[in-house]
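Each remark here refers to the structure printed beneath this line.
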Amino acid sequence: MPVFHHPEFDHHQQIVFGSDEASGLRAIIAIHDTFRGPALGGLRIFPYASEEAALTDVLRLSRGMSYKSALAGLPLGGGKAVIIADPRRDKSPELLRAMGRLVESLGGRYVTAEDSGSSEADMQVIAEETAHVGGLRQADGESGDPSPFTAWGVFCALRSAVRHALGRPDLAGLRVAIQGVGHVGAHLARHLHAAGARLVLTDVDREALVHLAEELDAEAVPPEAIFDAEADVFAPCALGAVLDEGVVARLRARVVCGAANNQLATPAMAERLMARGILYTPDYVANAGGVWQRRDDYHRTAVMAHIEGIGATLDELFARAEREGRSPAAIADAMARERFGRG
Ligand code: NAD
Numbered sequence: 215m216p217v218f219h220h221p222e223f224d225h226h227q228q229i230v231f232g233s234d235e236a237s238g239l240r241a242i243i244a245i246h247d248t249f250r251g252p253a254l255g256g257l258r259i260f261p262y263a264s265e266e267a268a269l270t271d272v273l274r275l276s277r278g279m280s281y282k283s284a285l286a287g288l289p290l291g292g293g294k295a296v297i298i299a300d301p302r303r304d305k306s307p308e309l310l311r312a313m314g315r316l317v318e319s320l321g322g323r324y325v326t327a328e329d330s331g332s333s334e335a336d337m338q339v340i341a342e343e344t345a346h347v348g349g350l351r352q353a354d355g356e357s358g359d360p361s362p363f364t365a366w367g368v369f370c371a372l373r374s375a376v377r378h379a380l381g382r383p384d385l386a387g388l389r390v391a392i393q394g395v396g397h398v399g400a401h402l403a404r405h406l407h408a409a410g411a412r413l414v415l416t417d418v419d420r421e422a423l424v425h426l427a428e429e430l431d432a433e434a435v436p437p438e439a440i441f442d443a444e445a446d447v448f449a450p451c452a453l454g455a456v457l458d459e460g461v462v463a464r465l466r467a468r469v470v471c472g473a474a475n476n477q478l479a480t481p482a483m484a485e486r487l488m489a490r491g492i493l494y495t496p497d498y499v500a501n502a503g504g505v506w507q508r509r510d511d512y513h514r515t516a517v518m519a520h521i522e523g524i525g526a527t528l529d530e531l532f533a534r535a536e537r538e539g540r541s542p543a544a545i546a547d548a549m550a551r552e553r554f555g556r557g
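Okay, so the sequence shown: first residue is 215 according to the working numbering, each after it adds one.
The following block contains the structure:
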């Protein structure tokens with residue numbers, strides 16, 4: 215299994231393989247970059263088909279965290295951890311404590327947090343072994359759920375994109391089509407509704423969809439119909455890789471801005487969107503709000519104010535993309551690398 219020549223290697227500073235016989239732990243921690251600060255990134259627990267698949271995932275995700283934290287303006291680097299295990303079958307307090315000891319052995323260079331397969335309760339167990347855990351329930355009882363913060367960041371991003379692409383200073387009367395009204399999508403819908411936008415919503419969970427549509431006086435459409443919705447903005451808040459050739463050709467919206475990770479099915483889709491005159495808001499910039507919440511040393515109001523900074527970053531990013539005739543996705547990568555000293 216090549217590491218230094220792995221396609222996703224991108225000069226990771228440190229990659230740690232950890233195991234614990236008693237608990238069955240098999241884990242990898244990847245630290246991509248610590249130029250801006252400790253490498254923060256969630257812990258994914260997943261029954262990877264192979265060690266190669268686990269390595270590829272952790273490298274790709276950890277690199278992504280460097281970009282996200284840099285453009286969010288956080289004093290943090292990028293890292294990620296994976297445990298090769300089935301979270302429903304193999305997760306035990308012993309396994310999590312062994313993981314905590316592995317995190318602790320890095321002396322704070324890596325800070326862990328919740329991700330798919332790991333929960334807030336799991337983080338509490340890990341915290342028995344290490345202080346390097348982000349996004350724990352606060353002393354005031356506030357939950358570690360990042361989605362309200364993520365949604366607020368997407369809302370600020372969307373305001374910037376709409377200003378830039380449509381020249382509209384506010385969102386009153388704007389039509390927004392939201393794909394997925396789960397944790398982030400529902401919060402985003404409420405912000406948009408409060409700002410006077412009109413909403414078209416979809417979700418595969420029909421009950422959640424109908425509920426929210428009634429609450430916000432929104433139109434509910436079947437999942438496939440969301441791409442054809444007569445809307446100014448398309449907000450993907452469900453799955454990754456949603457922007458493929460077919461969807462990009464179908465979209466009627468002039469702006470794409472949503473919470474989903476890895477929205478572009480292939481990097482080439484950034485240019486395809488540009489060619490259609492659709493402004494794409496780079497996903498990892500728009501959805502970075504939740505990363506702020508993982509810092510335990512900030513208070514909620516300060517965090518919300520910092521998250522608003524995503525709008526200012528995007529104002530700069532969109533202006534530069536236009537000036538240089540490049541896609542916002544390409545400019546986002548360039549700006550992030552400049553910010554962690556690899557420009
Ligand atoms: P979630 O699971 O709570 O919500 C996703 C919603 O999408 C669900 O209601 C689900 O039923 C729906 N859905 C799934 N497939 C669909 C389809 N084909 N068509 C329409 N709806 C569909 O997840 P979330 O926490 O709201 O996150 C949404 C997206 O944002 C994910 O891609 C996630 O990776 C990304 N993200 C979330 C956060 C966060 O703070 N939660 C942070 C960064 C990125």
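Beta carbons are placed, not taken as given, at the ideal position from N, Cα and C, and that holds for glycine.
Cβ shell of residue i (< 7 Å), same chain only, five flanking positions each side left out
{"i": "E222", "result": "T270, L273, R274, R277"}
{"i": "I521", "result": "F363, W366, G367, C370, G503, W506"}
{"i": "A268", "result": "I242, Y262, V296, I298"}
{"i": "S283", "result": "R250, L254, L290, G291, G292, V505"}
{"i": "C471", "result": "V368, A371, L372, A375, V447, A449, T495, A500"}
{"i": "A244", "result": "H226, I229, V272, L273, S276, G293, K294"}
{"i": "G523", "result": "G287"}
Check: residue i C-beta below 7 Å from any heavy atom of ligand 1
{"i": "H520", "result": "no"}
{"i": "P360", "result": "yes"}
{"i": "L413", "result": "no"}
{"i": "P301", "result": "no"}
{"i": "L269", "result": "no"}
{"i": "G314", "result": "no"}
{"i": "T364", "result": "yes"}
{"i": "P437", "result": "yes"}
{"i": "T326", "result": "no"}
{"i": "G491", "result": "no"}
{"i": "D458", "result": "no"}
{"i": "G454", "result": "yes"}
{"i": "H397", "result": "yes"}
{"i": "C451", "result": "yes"}
{"i": "T248", "result": "no"}
{"i": "D329", "result": "no"}
{"i": "Q393", "result": "yes"}
{"i": "V424", "result": "no"}
{"i": "G504", "result": "yes"}
{"i": "D419", "result": "yes"}
{"i": "A474", "result": "yes"}
{"i": "T416", "result": "yes"}
Cβ pair residue i, residue j closer than 8 Å
{"i": "L426", "j": "F448", "result": "no"}
{"i": "A443", "j": "T364", "result": "no"}
{"i": "L385", "j": "A409", "result": "yes"}
{"i": "P250", "j": "F554", "result": "As written in the sequence, residue 250 is Arg, which differs from the Pro given in the question. A contact, by the Cβ cut-off of 8 Å."}
{"i": "V462", "j": "M483", "result": "yes"}
{"i": "G238", "j": "L285", "result": "no"}
{"i": "F260", "j": "G331", "result": "yes"}
{"i": "A479", "j": "L493", "result": "no"}
{"i": "Q477", "j": "G454", "result": "yes"}
{"i": "R389", "j": "P383", "result": "no"}
{"i": "G394", "j": "C451", "result": "yes"}
{"i": "L430", "j": "H407", "result": "yes"}
Same chain, Cβ closer than 6 Å to residue i, neighbours up to 5 away in sequence not counted
{"i": "A327", "result": "G256, G348, G349, R508"}
{"i": "P496", "result": "P542, A543, A546"}
{"i": "R486", "result": "V462"}
{"i": "V418", "result": "P437"}
Beta-bridge pairing of residue i - partner residues as DSSP gives them
{"i": "G293", "result": "I245"}
{"i": "P558", "result": "Look at the range of the chain in this structure, 215 to 557, and you will see that residue 558 is not part of it."}
{"i": "T344", "result": "Per DSSP, none; premise fails for T344."}
{"i": "S233", "result": "R240"}
{"i": "V456", "result": "In DSSP, V456 forms no bridge with anything."}
{"i": "Q228", "result": "I245"}
Residues near residue i in its chain [Cβ-Cβ closer than 8 Å; skip 5 each side]
{"i": "P481", "result": "A543"}
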